[in-house]
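For this note's numbering, count along the sequence shown from 1 and bump the result up by 186. Every residue gets a Cβ at the ideal spot worked out from N, C-alpha and C, and that includes glycine. Just so we're clear, the structure is a prediction, and the values are computed from it rather than from any experiment.
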Amino acid sequence: MNVPLVSFNGGEIGKEAMARVDMDVYATCAEIMENVFPLLTGGMIKAPGTIVCDETPGSGVAIVRPFIYNVDDTLTLEFSDNALRVDLDGGTIQIEGALATVGSPADNGSGGSSSAVDGGNYVTLTAALGESAKVRWAITTSETAKPATFLIVTTRRPLKVQVGTTTSNANIMASRTLYPGEHLITVTPGAGTYYIQAELDEPGVAIIFDPTRQAPGDLTVPTPWADTELASLRYRQSNNVYWLYHPDHKTRVLERYSNYDWSLRLFRPLNGPFEPVNTTTTTLTPGSVLGSVTITASAAAFAATDVGRLIELTHTGQTETRSITGNGQTTDTIRVVGADANRAFSVAITGTFTGNVLLERSIGNETDWATYQTYTGAGTSNENDGLDDQIIYYRINSSGWVSGTAGVTISYSLGETTGRAEIVYFGSATSVGVEVFDGDFFGAASATTLWALGSWNDADGWPAAGTLNDGRHQLAANDRYWSSEPDDFESFLLSSDDDGAINRRMATGRSNTTRWMETADRVMIGTSGETLEVRSSALGEAITPTNINLRGGKNKGVANAQPIVVDDRIVFIARAMARLYQTYPEGDKYKLDDLTALHKWIGGRGDNAGFIEIAYQEEPDPRVYAVRADGEMAVLTFRPDEQVYGWARYTEPTGGGFESVCVIPGVPEDTVMVIVSRVIDGVTKRFREKFAPQNFVETRDAVRVQSAVIYEGASTSTITGLSHLEGEEVAIWANGRVHESQEVTSGQVTLDYAVTKAVVGLNYAGKWKSAKLAYGARRGTALGQDKKIGDVGLVLLETPIGMVGYGRDFENVDYKIGEYTDEMVMDSPVEAISDEATQPSDGATLTDARLCILMDKPGPATILAIVPDVDVVE
């Protein structure tokens, strides 16, 4: 009986499901699908190979993550031990590293009591209200037309940095605000001497380290994450901004200014989130209301783990202060009430400037502003509007600004002022140093019991994950959830208004650990104990502080790995790492499906088993790539709306394994990027590699070896660039035909004949073993009956002759379709078959007769259908 096997996209199923011949999908399934990918249309191919991009730093542990500005502007980020490199089109971005001598720092015109003090390899900038502290470094070079790259590290406060050919201009790099963090700037000076200039224009202290010229080589951004911490790193991107979350580290923000200019700065919300206000009798007393301040507690209130934590103090009276350097810069408002003398307030202005300082007011609201007074110089003014028993809001604004800096303060004795700061050093349990945020100054330098500490710190942890949805930046850690104000991803000021930030507990009844957050149809939070849905009280409404609902009910804990989104579905690794689930909306609820139901060991077996990372490729076929802890990669052809769920496995041939994966969208195919360890000449090496395209125009272009190097050019018999495979035997696809394998010596191989196109790399075998062939029995099922496979028909597509072998097992592959001979011409591709072919099989009579397909050559193979003649002995 001829058994037409015309679809293979049921994929590999487990032996535990091998007797389920009653399933509709069974005829499309296999027992082994190794290095063979099922196609969405039904056929199967020898899986594409990989192309080497670069060795990881020191061959150490690394992960890859996508950076996607849009489909035409993509990069791959490689995180390793305390370092980040950037891949562009399969190669690490290189900096030219022009020669540059960095001179000693010099004060660049700090005003008044402000200063720039050289500390050896860093400068401490101290600015007073209404003044600026400035520093410059003279840079000399003989390579004026070549780009120079500098690493600049800043702490405590944001600085304005510019580069120019004089000590005051910015004709090389315009002024850029550098927030505390690490910054790479690249400039082409066009002059033998130029200046890097930094300015602190808000009251307080900032530290900037001397710019460090970067030598030619890999563009590398320093990071705080050790290689042992990379598994817990989560990310979220919006255009050129990339948030990086880790529960043990303060959240970072990676910002791209160009492919050669990057900042990795601290995520720096200034107004929250905070824990509940103190309810004890302990008081906190700031030494000053602004700048760099020491806070003293009346009892133990601080710990060393509070460094980096926010703190807020509330005092009676309203005081709003800021530095003004241009037009339209406003203070926060004060609210004036009462009558007679109770309405008196003051305005104080310091500094030297040319421009207008405006006192504005709005009657009964904070939207209808009109100018009440105009000031053009320093001084103090006492005001009383006489509008008894009315609520009037006042603020300072600016207009007509020409130059200079003004320090402005508006003070009112009634109401309350809440000031906020960041703890920057720990003195003792009763004393810490803080930097008070510009515009959020303390209300008084006096004791108060109204204080609160920030929710995030080294003891309680930092956000473990985040996502962007409904214009809000939503974050989670342990059993806590926070959301920013809409359209302001770094503002967490609480309010009951619809546009207020949100701070609440998940209240699941368990102390779960947050592992991820993801947005599909709505926001989901994955924790170690269950998944939760973030939604409003009414389906389709945006969340607000009053309607938010964190709904659990899916008691499937999740693994410590970032999930993926496919349309309205979220695919994630289960807590035990052995299973993959998809969750998706069904009505007003979420449904959960096990994607490993027919293959419980697809994640591996034994102690070193389980999924560790996943990624999704849309083109050319929809696939989920799931890296396993044992180094294999499980690959799922995934099209839920067509009920296509077909597993395969992808293996590493040297005894190493795949360790990380991500997908970069592209045209016409998405690119799968991996970190892979390989045992090369007895030594473990790690490489960043990319999957070769699945499709090709000519068979000579196909890449079906791993860690490949591709040569195309003038006719040659020597292929170089193979130092990463030194001492290994490599397979060679030369001018579209198989060349005898060679050992790499001195980074090259020598062919027996000259070629214009060669693909050289590590060979791997594609293996397919049929499911049970329980067909053709007159008495019902053929399970348990002897059977023999006779002739086998194959329908092939663009498959060079000699690429496909078949037999009863992988050790007895006797017949090959159109097997080629050595007499064939060597300087042209082997003929490709896109046709049907039938040949006899060597099948023996067995109770469990199977058909095996072997694709063990370094060329492409596509099988559209297999038609074995199965003879059941009855």
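Three-way DSSP call (helix, strand, coil) for T885 in this model:
helix
| said: Taking the alpha carbon of V744 as the reference point, which residue from D977, R761, I481 and I729 has its own alpha carbon closest? | reply: R761
Q: Label S597 either buried or exposed according to how many other C-beta atoms from any shown protein chain fall within 10 Å of its C-beta, with 16 as the threshold for buried.
A: buried
inquiry  = So, under 8 Å CB-CB, V853 and V257 are touching, yes? Tell me the CB distance rounded to an integer number of Å.
reply    = 7 Å
Return the residue from the list V751, P1046, P826 and P344 that minimises the CA-CA distance to N881. P1046
Inset, instruction - Could you tell me whether the Cβ atoms of P252 and I850 are closer together than 7 Å? - result: Remark: C-beta atoms of P252 and I850 approach each other more closely than 7 Å.
message: Do F336 and R399 have their beta-carbon atoms positioned less than 7 Å apart in this structure?
response: yes
Check for me: the beta strand (DSSP E) holding Y598 runs from which residue to which? Here the beta strand (DSSP E) through Y598 covers A592 to S614.
Q: Would you mind stating whether G593 and D626 have Cβ atoms separated by less than 7 Å?
A: no
**Prompt:** Can you name, in chain order, every residue of its own chain whose Cβ lies under 8 Å from the Cβ of G629, other than the five neighbours on each side?
**Reply:** V475, L499, T500, H501, T502, G503, Q504, T505, E602, T603, T604 and G605
Output the boundary residues of the beta strand (DSSP E) element that contains K974. In this chain, the beta strand (DSSP E) harbouring K974 covers K973 to L982.
Separation of G843 from T837, as counted between CA atoms: 7 Å
Quick check: what's the CA-CA separation for E317 versus G565? 15 Å
Report task. Compute the Euclidean distance between the alpha carbons of V945 and E415, then round it to the nearest angstrom. Result -> 36 Å
* To do: Using a Cβ cut-off of 7 Å (strictly closer), state whether I1049 contacts chain B.
  => Of the protein chains in this structure there is only one, and it is not chain B.
Please report how far the alpha carbon of I231 lies from the alpha carbon of Y811, in whole angstroms. 16 Å
Can you list, in chain order, the residues of its chain whose CB lies under 7 Å from that of A284, leaving out five sequence neighbours each side? T327, E329, K332, P333 and A334
Can you round the beta-carbon distance between I249 and F265 to whole angstroms, since I take them to be within the 8 Å contact cut? 5 Å
Note to self: Just to confirm my understanding: we take P472, look at its own chain, exclude 5 residues before and 5 after, and list those with CB closer than 7 Å. What are they?
What the structure shows: V479, I481, L499, F628 and A631
Open item on the list: If you reduce the DSSP assignment to three classes, tell me which class L680 lands in.
Closed with: strand
Measure the C-alpha to C-alpha separation of V1059 and N188 and round it to an integer number of angstroms.
15 Å
request  = Quick one: grab the DSSP three-state call for T538.
outcome  = The DSSP-derived three-state label of T538 is coil.
In or out: L1032 buried (at least 16 other Cβ within 10 Å) or exposed? In summary, L1032 is exposed, with fewer than 16 beta-carbon neighbours lying within 10 Å of its beta-carbon over all protein chains present.
Reduced DSSP secondary structure (H/G/I, E/B, other) of G179
This structure does not reach residue 179, given that the chain is present from 187 up to 1060, and the question cannot be answered.
Do you know offhand how far V533's Cα is from K346's? 28 Å
Check your understanding: Using a Cβ-Cβ cut-off of 6 Å (strictly less than) and excluding sequence neighbours within five positions of S846, which residues of its own chain qualify?
Key -> Around S846, the same chain offers I249, V250, E799 and I861 as residues with beta carbons nearer than 6 Å, after the five sequence neighbours per side are excluded.
Item to complete: State the Cα-Cα distance for the pair D492 and S677, rounded to the nearest angstrom.
Response: 20 Å
Given this structure, state the Cα-to-Cα distance separating I497 from F877, to the nearest angstrom.
Looking at the two C-alpha atoms, the distance is approximately 49 Å.
Cβ neighbour criterion (16 or more within 10 Å) applied to E727
exposed
- One or two residues paired with C215 in a DSSP bridge: G197
**Asked** What's the call for G657, buried or exposed, on a 16-neighbour Cβ count within 10 Å?
**Response** exposed
With a threshold of 8 Å on Cβ separation, who are the neighbours of L226 within its own chain once the five nearest residues in sequence on each side are excluded?
Excluding residues within five positions, the ones whose Cβ falls inside 8 Å are N195, D807, P808, T823, R825, E828 and V830.
Original post:
Is the distance from the Cβ of A417 to the Cβ of N746 below 7 Å?
Top reply: yes
I'd like the list of long-range same chain contacts for V813, defined as Cβ closer than 6 Å, with 5 residues on each side in sequence excluded.
I798, E799, M819, F844 and V847
To the nearest angstrom, how far is it from the Cα of K201 to the Cα of G817? 21 Å
| field | Which residues DSSP lists as bridging D413, in chain order | value | In the DSSP output, where bridge partners are listed per residue, D413 has none listed.
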